[in-house]
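Take a look at the structure set out below.
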Amino acid sequence: MGGLGAALADLVLPRTCAGCGVPGPALCRRCAALLGAPREATPRRLPPGMPPTVAAGAYAGPVRPAVAAFKEHGRAELVGPLGAALGRAVGVHAVLLPGRPVLLVPLPPTRAALRARGRDCVRELAAAAADDLRAAGVPAGCVRLLTRTGRVRDSAGLSVAQRRANLAGTFAVRPVRLPTGAVLVVVDDVVTSGATLTEAAAALAATRPDGDTPVLAAVVAATPRPGPRPVRAAPPGCFPDGSPRASRESR
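Position in the sequence shown (first residue = 1) + 24 = our numbering.
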């Protein structure tokens with residue numbers, strides 16, 4: 025009956041890929057492949073103290089609408105493929121620290137985001153990622169260690185230093201007893217400047233002064249760094265800046 029219901033639902037509301045819009049699963053194979061090659065996330069201006077961060081893919085192309093569909097448009101079925109992508113990113117850390125328990129620490133949402141969406145999207149992704157990691161034999165879990173302590177103003181238009189100052193003291197750490205030798209991995213859906221991850225990691229590290237509990241980070245996608253500006257060929261008789269060659273040579 026469940027399969028019949030899903031088939032009837034597809035007739036009324038055909039499923040499409042949240043990334044490219046083609047009919048089919050929530051995230052088609054081609055779009056999912058864009059989240060299949062984890063890489064280091066390196067913001068253009070790396071914040072001091074940013075934890076080593078792995079992203080499953082770039083926040084560009086079809087990945088952008090897929091993440092937005094999950095967070096902003098209620099497509100909860102994307103928790104599977106996006107959670108699996110996050111699990112692959114966390115798995116890079118697990119491979120480098122074999123045998124140690126890996127605890128995924130989701131960044132808590134702001135009150136405004138929780139009211140608007142009605143759900144904790146990052147926590148859902150973290151739980152799905154931990155499930156995938158355990159299925160692959162990695163001792164992983166999801167733990168709510170972080171809470172938000174106050175209101176933060178909109179960070180749009182702020183520099184990296186201003187973002188960090190804006191976030192200072194934002195996170196508090198719950199007094200939870202951790203397994204011996206645990207590795208903490210702060211997780212989020214997207215990293216842009218790295219300021220939020222850096223502040224969260226600093227809050228966690230401050231409660232582990234012995235340094236025995238590494239604090240790392242992983243995300244579904246990272247905003248790609250802008251590449252060098254392309255050099256355009258100058259018109260005949262002109263320098264690369266477009267000024268006439270004759271006028272500059274006569275100076």
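Built from N, CA and C at the ideal position, the CB exists for glycine as well.
Keep in mind that this is a model prediction, so the values were computed, not measured.
Annotation: residue 67 to residue 60 spans about 20 Å, alpha carbon to alpha carbon. In this chain, the alpha helix (DSSP H) harbouring residue 156 covers 145 to 159. Looking at the backbone, the Cα of residue 91 and that of residue 201 are separated by about 33 Å.
Taking the Cα positions, residue 125 is about 12 Å away from residue 115. With a cutoff of 8 Å on beta-carbon distance, residue 136 and residue 173 are scored as not near each other. Runs of the alpha helix (DSSP H) lying entirely within the region 218 to 250, each at least 4 residues long, are 219 to 230 in chain order. Cα atoms of residue 77 and residue 64: separation of roughly 6 Å, rounded to the nearest angstrom. Contact between residue 73 and residue 55 is ruled out by a C-beta separation of about 34 Å, above the 8 Å threshold.
Boundaries of the beta strand (DSSP E) harbouring residue 196: 195 to 197, taken from the DSSP string.
Residue 140 sits in a helix when the DSSP states are folded into three classes. Judged by beta-carbon spacing, residue 207 lies beyond the 8 Å limit of residue 110, meaning their Cβ atoms are not closer than that value. Scanning the region 92 to 143 for uninterrupted beta strand (DSSP E) segments of 3 residues or longer gives 126 to 130, listed from N- to C-terminal end.
In terms of Cα proximity to residue 222, the closest of 149, 80 and 192 is 192.
Excluding its 5 nearest sequence neighbours in each direction, residue 230 has C-beta neighbours in its own chain below 8 Å: 197, listed in chain order. Around the beta-carbon of residue 46, fewer than 16 other beta-carbon atoms lie within 10 Å, marking it exposed. Apart from sequence neighbours up to five positions away, the residues of its chain that approach residue 241 with a beta-carbon distance below 6 Å are 75, 77, 210 and 221, ordered along the chain. Residue 79 is positioned such that its CB atom lies closer than 8 Å to that of residue 243.
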